[in-house]
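Quick mapping for you: the protein sequence lines, in order, are chains H and Y. First residue of the first sequence? That's 1 in UniProt numbering, and the numbers climb one at a time after it. First residue of the second sequence? That's 1 in UniProt numbering, and the numbers climb one at a time after it. Where a beta carbon is used, it is the ideal one built from N, C-alpha and C, also for glycine. Below is one structure, written out as structure tokens; the observations come after it.
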Amino acid sequence: MNTGWKTIVRGAAILVVSLAAALPAAARDVPADPLKSVMWADMAERFLAGGDIVFDQRVRVMAPRSAEDQFFVPVTVDATRLPGVTEIVVLADLNPIPKVLAYRPVDAEAFIAFQIKVEQATVVRAAARTADGIWHVGGTHVDAAGGGCSSPAMAHGQANWMATLGQTRARVWRETRDVARMTVRMRHPMDTGLADGIPAFYLSDLEVSNGTGRPLASIDIYEPVSENPTFTLKPRIGADTAELDVEARDTEANEFAYSLPVPDPKVAN
Amino acid sequence: MKLRSLLLATAGAALLSATALSGVRAEGVTIDDIVKDQSTPADVVSYGIGPRGQRFSPLETLNKNNVKNLTPAWAFSFGGEKQRGQENQPLIKDGVMYVTGSYSRMWAVDAKTGDEIWQYDARLPEGILPCCDVINRGAAILGDKVYFVTLDAKIVALDAKTGKTIWRKKIGDYEAGYSATAAPLIVPSESHGPLIVTGNSGGEFGIVGEVQARNPDTGELVWTRPVIEGHMGTLNGKESTMTGTKNESWPGDMWKNGGGATWLGGTYDPDTKLIYMGTGNPAPWNSHLRPGDNKWTSSRIAIDPESGEIKWGFQTTPHDGWDFDGVNEFVSFDMQKDGQTVKAGATADRNGFFYVLDRTNGKFISATPFVKNITWAKGIDENGRPIYNDDNRPGDPAEAADGKKGKSIFAVPSFLGGKNWMPIAYSQKTSMFYVPSNEWGMDIWNEPVTYKKGAAYLGAGFTIKPIFDDHIGSLKAIDPATGEIKWEYKNKAPLWGGVLTTAGGLVFTGTPEGYLMAFDDETGDVLWKFNTGTGIVGSPVTWEQDGEQWVAVVAGWGGAVPLWGGEVAKAVKDINQGGTVWAFKLPKQMAAN
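Written as structure tokens, this is what we have:
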């Protein structure tokens, strides 16, 4: 019996040591969630690696209080009042696949709008990471009837849906002299893999550059983004920028490219 | 494109940090590993256990005395409701098994525990046209990528660590009937570096058989070689040469939809530096519509990987009228005959004859029947050409009173062949080939038909019948030097799985009844068997792991037999579907005897 206990104690000691070694430094303090989501601790651990976490009202998440259509819940994330944002991670806590997207505004405002599918009532949150590594978190609660992630896409009602895959509609406006607002929509079923017999198949990467190859913004996209994803971004452009290039790729390595003209600053919108 | 370079840079950075953490350099599979696969039993990095396709392992830990102790170690279910034929062969590298399944799926599985690492499901479009079940025959691996082909006639490169798609390219137009199921072949070349080589499927839809070679890093085409006379090949994006001479062996425009699908992929011989591809049936099946030899259908062709040029061709069934779809694998081996070593290759054709050719130039050496009661030919002449039995060709519908249905005949073998897709094995220990064959015949008649894109292009009706009461399947040991059949194992249901043989004196194959079986390579005695719970139509492999010898096979009934098998289907109607990898090992403590 003695030996047995010793082994267990030694085992526990090794476990503690190895756990400590795996952590970068002291365990971080994860603040309590003002939205009181039961998934918050898990979300923080899985998707907000390293860096301290603060809840910050400068990260605004706008979404309907109640989802009229659980397949297309509009979400706007505006962190433009927070300086130095390098990445925005969007999460829907109670979705079967919680990670919605990660947005890197390389040379763009910390602003992104899109639509998501929700499987049930959930907190939708955005974590904006600043250059110092700190996650600034904001969020809101969306009530929903459910089923948005596990129903087949509308596209599959038509046998030839693949023929229009990646078809793009986009437009750009000048908001100010240096900032543009662009909306891009690409045809894609955004299959989550949760509908019966339909494997996951979704647009996974989108990048915007300024026409001469300089990257302005990029998005890692995941399953919860709605069918035919539509993104609104605010890239920073110069007066001489005449074109924005959008390049995207899906999980089957299909590649889509689209160029859109930027209006001349001298001509009023 | 910029996005791609960004993605590659990210992947590179991730790889760098992963290796920095683990302290192990990720080496991946080199082209040398593939060429020498047969002599490195700790892994299986090619379809056929070496590019020659001998399916011979030098391992002898597991032998005739101790095979009775072969024990299940783990089983891995493919899951889902998509349980159809599992005709594939697993690959194993660095403790990971890569295995493909029905409906264009692939898994990476821990080869020691059976734990899943990742799963990839191809998103197939509606309207794919696979002729003979939704099967896949296996993957290829090179560097940090694994490759396989999908039912919508695409080839996909996946990250071996994550299963994420790196690139995906079109082999053919699925709406015109193109499909793909064979394991890709990776070969060395001096001019282009390693190439990934694929065939195509769709011989029932009037497609044109073709061989394509690509850059494995990017998926870009290096060369293409259509196998039907009259079509142009390409090299480095430009037209290269025409295959043969237009209309030399085809009348009118029939060559344009002439078939010859290269649906079983190919083998490669490092000695001759040639790719060997089999080519399928001419289209349509009704041979009266296409007088002539119809080259290169129902043939073996040798292709130079540097240029994509055909170095030689050998047609097993010229002017095929029975769907003797001669794609069967051409296995290189060195034959001892009359005190000389002959650089030979052998193939067990759909038409029921076992051919031995000189693999350097395609010269005919011998052909002997490996199934009984062949009716369509009286034999094979000294040049390798069949001596046809003219009465045994389905009659011309144009000569029928109503012009709609030609005279029906009973031919042996059936269109499913003396041997179908399931690969043979060659033992370097016994110098014998082990051939999974089937004894059956068919009623077949011809009908008029015209080509229509995406529609079946047969012009024939048929029904298959057994020719013996007690068996259809027949595993045979054949001496290639004499054609003599040394032993035979009879199986009630048709055999549809591949064969493996080892230096330990064993021959493995699976049966539709569900048994993985081990035979004595010299006598054919059954030494061990295990019921996997569903029919086996896959190809077993063996490898060494942690000092123990392992054997794995994928079980899951399906393939062409239940879809096309006529009266034969009755004999297999009680076999249930499945989809499971079974891994067995000989535990160390039981290896002694």
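Hey, does residue i have any beta-carbon neighbour from chain H nearer than 9 Å?
i: isoleucine 166(Y); result: yes
i: lysine 36(Y); result: no
i: valine 187(Y); result: no
i: valine 67(Y); result: no
i: glutamate 81(Y); result: yes
i: valine 156(Y); result: yes
i: proline 130(Y); result: no
i: glycine 23(Y); result: Annotation note: pLDDT 37 at glycine 23(Y) (below 50); position unreliable, coordinate value reported separately. Answer no: the Cβ-Cβ gap between glycine 23(Y) and chain H never drops below 9 Å.
Run down chain H in chain order and give the residues with a C-beta less than 7 Å from the C-beta of residue i.
i: proline 125(Y); result: Met162
Taking Cβ-Cβ distances shorter than 8 Å, what residues in chain H pair up with residue i?
i: aspartate 121(Y); result: Gly193, Pro199 and Ala200
Taking the CB atoms as reference points, tell me whether residue i and residue j lie closer together than 9 Å.
i: asparagine 69(Y); j: leucine 516(Y); result: no
i: phenylalanine 468(Y); j: tryptophan 322(Y); result: no
i: histidine 141(H); j: valine 123(H); result: yes
i: glycine 556(Y); j: threonine 542(Y); result: no
i: proline 397(Y); j: proline 466(Y); result: no
i: glycine 514(Y); j: tyrosine 489(Y); result: no
i: asparagine 200(Y); j: isoleucine 171(Y); result: yes
i: proline 31(H); j: phenylalanine 55(H); result: yes
i: valine 208(H); j: alanine 128(H); result: no
i: alanine 346(Y); j: arginine 55(Y); result: no
i: valine 197(Y); j: proline 305(Y); result: yes
i: valine 551(Y); j: glutamine 89(Y); result: no
i: glycine 454(Y); j: leucine 124(Y); result: no
i: valine 61(H); j: alanine 131(H); result: no
i: leucine 91(Y); j: alanine 122(Y); result: no
i: leucine 101(H); j: aspartate 220(H); result: yes
i: glutamine 167(H); j: arginine 181(H); result: no
i: valine 172(H); j: leucine 94(H); result: no
Output the distance between the C-alpha atoms of residue i and residue j, rounded to the nearest integer angstrom.
i: methionine 432(Y); j: lysine 311(Y); result: 27 Å
i: aspartate 264(H); j: aspartate 107(H); result: 20 Å
i: threonine 7(H); j: aspartate 546(Y); result: Below a pLDDT of 50, predicted positions are generally treated as unreliable, and threonine 7(H), at 41, falls in that range; no measurement from the model is reported.
i: alanine 493(Y); j: valine 561(Y); result: 10 Å
i: proline 96(H); j: proline 480(Y); result: 59 Å
i: glycine 259(Y); j: isoleucine 207(Y); result: 5 Å
i: lysine 112(Y); j: leucine 142(Y); result: 22 Å
i: proline 189(H); j: alanine 153(H); result: 6 Å
i: isoleucine 387(Y); j: asparagine 361(Y); result: 23 Å
i: threonine 183(H); j: threonine 232(H); result: 4 Å
i: threonine 482(Y); j: proline 436(Y); result: 18 Å
i: tryptophan 263(Y); j: alanine 153(Y); result: 11 Å
i: proline 41(Y); j: glycine 505(Y); result: 16 Å
i: lysine 419(Y); j: threonine 212(H); result: 59 Å
i: tryptophan 296(Y); j: glutamate 382(Y); result: 20 Å
At least one CB of chain Y closer than 9 Å to the CB of residue i: is that the case?
i: asparagine 228(H); result: no
i: alanine 25(H); result: With a pLDDT of only 48 at alanine 25(H), under 50, the local geometry of the prediction cannot be trusted, and no value is derived from it.
i: serine 259(H); result: no
i: alanine 21(H); result: Interpretation of alanine 21(H) is limited by its pLDDT of 44, a score under 50 that renders its predicted location unreliable; the figure taken from the coordinates is listed afterwards. Chain Y contact via Cβ: absent.
i: asparagine 269(H); result: Here the model assigns asparagine 269(H) a pLDDT of 48, short of 50, so the residue's position is not dependable, and the following value carries that caveat. So no, asparagine 269(H) is outside the interface.
Going by CA-CA distance only, name the one from the options that's closest to residue i.
i: methionine 335(Y); options: Arg290(Y), Gly114(Y) and Gln428(Y); result: Gln428(Y)
i: glutamate 220(Y); options: Asp33(Y), Gly345(Y), Lys82(Y) and Val156(Y); result: Val156(Y)
i: valine 537(Y); options: Phe519(Y), Val572(Y) and Leu506(Y); result: Val572(Y)
i: lysine 476(Y); options: Trp487(Y), Thr580(Y), Asp470(Y) and Gly483(Y); result: Trp487(Y)
i: arginine 105(Y); options: Pro41(Y), Gly79(Y) and Lys273(Y); result: Gly79(Y)
i: lysine 588(Y); options: Gly362(Y), Asp293(Y) and Gln549(Y); result: Gln549(Y)
i: proline 369(Y); options: Gly459(Y), Leu357(Y), Ala348(Y) and Glu382(Y); result: Ala348(Y)
Taking residue i as the query, report the chain Y residues whose CB atoms sit under 7 Å from its CB, ordered along the chain.
i: alanine 253(H); result: Thr165, Ile166, Trp167 and Arg168
I'd like to know whether the C-beta of residue i is nearer than 9 Å to at least one C-beta of chain B.
i: valine 134(Y); result: The structure shown contains no chain B; the protein chains it does contain are H and Y.
Against residue i, what residues of chain Y qualify as contacts under a CB-to-CB distance less than 8 Å, listed in chain order?
i: alanine 159(H); result: Glu126 and Gly127
Can we count residue i as close to the ligand SAM, meaning its CB is less than 8 Å from some heavy atom?
i: glycine 138(Y); result: The ligand SAM is absent from the structure shown, which contains no ligands of any kind.
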